[in-house]
Amino acid sequence: MDASNLHLLLDNAALLIASTIFYQVSTYIKETYDQSSEVFDAFLFGVIGILIMSFPLVPSPGLYIDTRSILVGLIAYIFGGKTSYFLMISLILYRIILGGDGSFIGVVIILSSGLLGYLFRFIDTKFFRLYSALNFYLLGIVIHVIMTFCIMYMSNTDYAVAFTSSVIPLLVIFPITTVVVGKLFIIQREQIKQLQLTRFAEKRFRSLFEQAQIGICYLDTNGFFINTNDYFNQMFQYTSEELKPLNISDLNDKTESNQNYALTQLLDDQNAIDHTVEKPLIRKDGTSFWANVSVSRIRFNQEDIYMSTVIDISERKKAEEMMHYLNYHDQTTGLYNRHYYEMSVNKYDVEENYPLTLIKIDINGMKLINDAFGYEMGDTLVKRVVSLIKPIVYNSDMFCRFGGSDFIILYTKVQKPYIDIIMAQINHMMTNETIQNIKVSVSSAYAMKNKSDEDLNSVLKKAEMRLSREKLIDTSSMLSRTIEIIINYLYEKNSREMEHSKRVSYWCEKIAQRM
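Below is the structure:
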C-alpha cells in the first residue's frame, strides 16, 4: 500500500473518531426537542455512516474500503435494538445506490459486521465483562478478518489482487480504531447517563423542594435568603423576591430574647452540622405562630450555605397548652385543681410569707343535690358558689377546687382579723342565695401557720377538723330544707309519687321506733 492510500485509510478512521463527537452533542438536541433517544440515535448514526462511506479508499473501481464495518459492529455491540437495525438498513441502501460490482460484497460486510456485534454483545453479557478494551480489539480483528475473506474469496480476481496490498494496514489500523471509537462511545454514553441522572435528580429535588408541605429555604452564611419554596412563602405571606433582601432574624418574633437561636448556634459551633429549635415566628402581617425550625449546614460550590426547614406547630402548641391547662385547672370552674395545689403550695411555705392561712370551704348537701337533681344541677351550684366567692378573695395567693364540693383559699402575710372579715363576707354572701329554690349553703373554716417548724399538712388537717364541726351545725337545717324541696319537686311531677314517698317515710319511722 502506497502512502496516499495509507493516508486515506487513516483519514477515514479519523473521520469516524471525530464523528463520535456528534453523539455527545446530540444529547442536547434530544433534551431540547424532547426526541426519543433510540430513534434520534439511529438517525444520527445513519448520517455518520453515510458520511464515512462518502470518503472511502478505492483499491479498484467499484470496491470501497472504509470504516463503516467498525461503526456497524460497534453500534450493534454497544446499542443493539432499533438503532443498529436502522443503521444497517441505511448503509445497505446507500451502498446499493453507489452501485458497482462490489455492491454485494459491501452489503455482506455490513450484515456480517452487525451480526458479529450482536454476537459479541450476547457473549459478553453472558460470560465476560462488557465493553472492555480487549473485547473491542477482538471485535475489530474478527470483523476485519471476515471482511478480508469476503473480499478475497467472494469477489472477482481483480478485487482480490487490488485488496491484497491493503490487508496488513487494514488489520492493524481498523482494530485499533475499533478500540478507540468503542471506548469513546462508552465514555460518552456513561457521561450522558450520569448527566441525565444528575438532571433527573435535580428535577426531582426541585419538584420535592417546590411541592413539599413544609417551608424550606436556603440561606447564606450571614442568614440572608437565597431561595425559598412556595410553602415557605405562603407560610410567611411573602414572595421569594420580597424575602431575598431579608435576614432570617427578620422573621423572628421580636418578643423573643434569643431571636435566631438555631442559626446562631450553628455559626458559633463550626463542627456542628444542624440544630433544631421551637420558637415563635412572625408573618408579614405581624401575626405570630409557633414553628419547629431546623437549620443544617451543607456544602455547595465549595461554599457553606444553610438549609432551613420550618414546620408550623401552632396546633400542637395549642394542644400542649390545653393539656397543661387541664392538668392544673378544674374544667368546670376554671380554678386551679388539687394537683396544682400539691405541686405549688410548698413554694409559699417560706418564713417571709408567714402567717400563712389555709381557708377550707365545703358546699353543704352536694351529694344529695347530685343524686336528686343530677350532676348538671350540681355543676351549676358549684359555679354559682365560685362566682360569689371570687370577688371576695380576688387578692388571695391561691384559690383552687380541692375536691368535688370543697375548695381551698391560700393567703400569705395576712393577719387573723382580715381573715375573719373574709370569712364573714363569704357567709353573708350565701345568706339569701338560692338556685331553683334550693338554698346555697357553705361551711368554712381556716387554720394559720406562723412558725416554720409547723407542718403545712397538719395546718390543713386542722382546718378540715374545724370545717367538720361547722358542717354539723350548718348541714342539718340545709338538708331538711333541701329534702322538702325534693318532695315538692316529686309532687309537682307526680302526686302518686308524693303519696308513695310519704307512706314509705311513715313506715320507716314506725320500724325505727319498734327497733
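Every letter in the sequence shown is one number past the one before it in my numbering, and letter 469, counting from 1, is 464. All C-beta atoms, glycine included, are put in the ideal place defined by N, C-alpha and C.
Inset, instruction - Tell me whether the beta-carbon of SER429 lies closer than 8 Å to the beta-carbon of VAL437. - result: On the sequence shown, residue 429 is found 434 positions in, with the first residue counted as 1. On the sequence shown, residue 437 is found 442 positions in, with the first residue counted as 1. The amino acid occupying residue 429 in the given sequence is Thr; Ser does not appear at that position. No, Cβ-Cβ distance for THR429 and VAL437 is not below 8 Å.
Inset, instruction - For the stretch 71 to 81 and the stretch 111 to 118, state whether three or more C-beta atom pairs, one from each stretch, are separated by less than 8 Å. - result: yes
Inset, instruction - Flag this pair as yes or no: are the beta carbons of GLY218 and SER244 separated by less than 8 Å? - result: Within the sequence shown, numbered from 1, the residue matching residue 218 stands at position 223. Within the sequence shown, numbered from 1, the residue matching residue 244 stands at position 249. Against a cut-off of 8 Å, the Cβ pair of SER244 and GLY218 comes out as a contact.
Inset, instruction - Kindly confirm or deny that the stretch 372 to 382 and the stretch 294 to 307 touch, where touching means at least three C-beta pairs closer than 8 Å. - result: no
Legend entry - Rounded straight-line distance, which links the Cα of VAL42 to that of LEU125: Translated into the one-based positions of the sequence shown, residue 125 becomes position 130. Translated into the one-based positions of the sequence shown, residue 42 becomes position 47. Their Cα atoms are separated by approximately 27 Å.
Legend entry - Proximity of MET424 and ILE364 at Cβ, strictly below 8 Å: Translated into positions along the sequence shown, residue 424 becomes position 429. Translated into positions along the sequence shown, residue 364 becomes position 369. Against a cut-off of 8 Å, the Cβ pair of ILE364 and MET424 comes out as no contact.
Legend entry - Rounded straight-line distance, which links the Cα of ALA458 to that of PRO350: In the sequence shown, counting from the first residue as 1, residue 350 sits at position 355. In the sequence shown, counting from the first residue as 1, residue 458 sits at position 463. In a straight line, the C-alpha of PRO350 is about 15 Å away from that of ALA458.
Legend entry - Euclidean distance between Cα positions of MET142 and TYR80: On the sequence shown, position 147 is the one that residue 142 refers to. On the sequence shown, position 85 is the one that residue 80 refers to. Going by the C-alpha atoms only, they are around 20 Å apart.
Legend entry - Contact between the stretch 196 to 205 and the stretch 90 to 98 (3+ Cβ pairs under 8 Å): no
Inset, instruction - Specify the secondary structure class of PHE398 as computed by DSSP and reduced to three states. - result: Taking the sequence shown and counting its residues from 1, the one referred to as residue 398 is at position 403. Note that residue 398 corresponds to Gly in the displayed sequence, not to Phe. Here GLY398 sits in coil by DSSP.
Inset, instruction - Rounded to whole angstroms, what's the CA-CA distance from ILE384 to ARG333? Just pull it up for me. - result: Reading the sequence shown from its first residue, position 389 is the one you call residue 384. Reading the sequence shown from its first residue, position 338 is the one you call residue 333. One C-alpha to the other measures close to 18 Å.
Inset, instruction - Could you check the C-alpha separation between SER55 and LYS77 for me, to the nearest Å? - result: On the sequence shown, residue 55 is found 60 positions in, with the first residue counted as 1. On the sequence shown, residue 77 is found 82 positions in, with the first residue counted as 1. So the two alpha carbons sit approximately 34 Å from each other.
Inset, instruction - Grab the span of the beta strand (DSSP E) containing THR352 for me, first residue to last. - result: Taking the first residue of the sequence shown as position 1, residue 352 is located at position 357. Note, THR352: beta strand (DSSP E), 351 to 358.
Legend entry - Simplified DSSP state of ALA207, which is helix, strand or coil: Counting from 1 along the sequence shown, the entry for residue 207 is found at position 212. Coil at ALA207, not helix or strand.
Legend entry - TYR389 in three-state terms, based on DSSP: The sequence position of residue 389 within the sequence shown is 394, counting from 1. Note: TYR389 maps to coil in three-state DSSP.
Inset, instruction - Indicate the three-state DSSP secondary structure (helix, strand or coil) for MET425 in the structure shown. - result: If you number the sequence shown from 1, residue 425 lands on position 430. Secondary structure at MET425: coil, using DSSP grouped into helix, strand and coil.
Inset, instruction - Have a look at GLU347 and THR407 and give me their C-alpha separation to the nearest angstrom. - result: By one-based count along the sequence shown, residue 347 stands at place 352. By one-based count along the sequence shown, residue 407 stands at place 412. Going from the Cα of GLU347 to the Cα of THR407 covers about 9 Å.
Legend entry - Cα-Cα separation between SER14 and ILE221, rounded to whole angstroms: As a first step, residue 14 must be located in the sequence shown, where it is residue number 19. As a first step, residue 221 must be located in the sequence shown, where it is residue number 226. Those two C-alpha atoms are separated by around 42 Å.
Inset, instruction - Compute the Euclidean distance between the alpha carbons of LEU238 and VAL409, then round it to the nearest angstrom. - result: In the sequence shown, residue 238 corresponds to position 243, counting from 1. In the sequence shown, residue 409 corresponds to position 414, counting from 1. Each residue's alpha carbon lies about 57 Å from the other.
Legend entry - MET460 CB to nearest heavy atom of the ligand SAM below 7 Å: No copy of the ligand SAM appears in this structure; indeed no ligand is present at all.
Legend entry - Residues of its chain near ILE12, where Cβ-Cβ distance is below 8 Å and the 5 sequence neighbours each way are ignored: Translated into positions along the sequence shown, residue 12 becomes position 17. Answer for ILE12: THR172, VAL175, VAL176 and LEU179, listed in chain order.
Legend entry - N- and C-terminal bounds of the beta strand (DSSP E) containing PHE219: For this step, residue 219 is matched to residue 224 along the sequence shown. Counting along the chain, PHE219 falls outside any beta strand (DSSP E), and DSSP gives it neither H nor E.
Legend entry - Inter-stretch contact (C-beta, 8 Å, three-pair minimum) for the stretch 288 to 297 and the stretch 313 to 324: no
Legend entry - At least three beta-carbon pairs within less than 8 Å, the stretch 354 to 361 to the stretch 439 to 446: Touching, yes, given that three or more Cβ pairs across the two stretches are closer than 8 Å.
Inset, instruction - Take ASN296 as the anchor and find which of ILE92, ASP215 and ILE417 has the nearest alpha-carbon. - result: Within the sequence shown, the letter at position 301 stands for residue 296. Ranking ILE92, ASP215 and ILE417 by Cα distance to ASN296 puts ASP215 first.
Legend entry - SER108, buried or exposed, once every other Cβ within 10 Å from all chains shown has been counted against 16: Translated into the one-based positions of the sequence shown, residue 108 becomes position 113. With 16 or more other Cβ atoms inside 10 Å of its own Cβ, SER108 counts as buried.
Legend entry - Local Cβ density within 10 Å of THR223, reported as buried at 16 or more and exposed below that: Taking the first residue of the sequence shown as 1, we reach residue 223 at position 228. So THR223 ends up on the buried side.
Inset, instruction - Could you tell me how far apart the beta carbons of SER64 and HIS2 are, in whole angstroms, since I believe they sit closer than 8 Å? - result: Residue mapping note: residue 64 aligns to position 69 of the sequence shown, counting from 1. Residue mapping note: residue 2 aligns to position 7 of the sequence shown, counting from 1. Actually they do not touch by this definition, with Cβ atoms about 19 Å apart.
Legend entry - Inter-residue Cα distance where the pair is GLU337 and ASP225: Position 342 of the sequence shown, counting from 1, holds the residue named residue 337. Position 230 of the sequence shown, counting from 1, holds the residue named residue 225. Here the alpha carbons of ASP225 and GLU337 stand approximately 49 Å from one another.
Legend entry - Counterpart residues of PHE284 in DSSP-defined beta bridges: As a position in the sequence shown, residue 284 is number 289, starting the count at 1. The beta-bridge partner set that DSSP reports for PHE284 consists of LEU276.
Legend entry - DSSP beta-bridge partners of ARG294: Translated into the one-based positions of the sequence shown, residue 294 becomes position 299. ARG294 is bridged to ASP299.
Inset, instruction - Could you spell out where the alpha helix (DSSP H) holding VAL381 opens and where it closes? - result: By one-based count along the sequence shown, residue 381 stands at place 386. Residues 370 to 384.
Inset, instruction - Rounded to whole angstroms, what's the CA-CA distance from ARG201 to LEU39? Just pull it up for me. - result: Sequence index remark: in the sequence shown, residue 201 carries index 206 (1-based). Sequence index remark: in the sequence shown, residue 39 carries index 44 (1-based). Roughly 32 Å separates the two Cα atoms.
Legend entry - Nearest-angstrom beta carbon gap, LEU276 and ASP299 [assumed within contact, 8 Å]: Walking along the sequence shown from the start, residue 299 turns up at place 304. Walking along the sequence shown from the start, residue 276 turns up at place 281. Contact doesn't hold; Cβ gap of about 23 Å is too wide.
Inset, instruction - Would you list the one or two residues that DSSP bridges to TYR331? - result: By 1-based counting over the sequence shown, the position of residue 331 is 336. Per DSSP, HIS324 and CYS395.
Inset, instruction - List the residues that DSSP assigns as beta-bridge partners of THR407. - result: In the sequence shown, the residue the question calls residue 407 occupies position 412. According to DSSP, THR407 bridges with LEU351.
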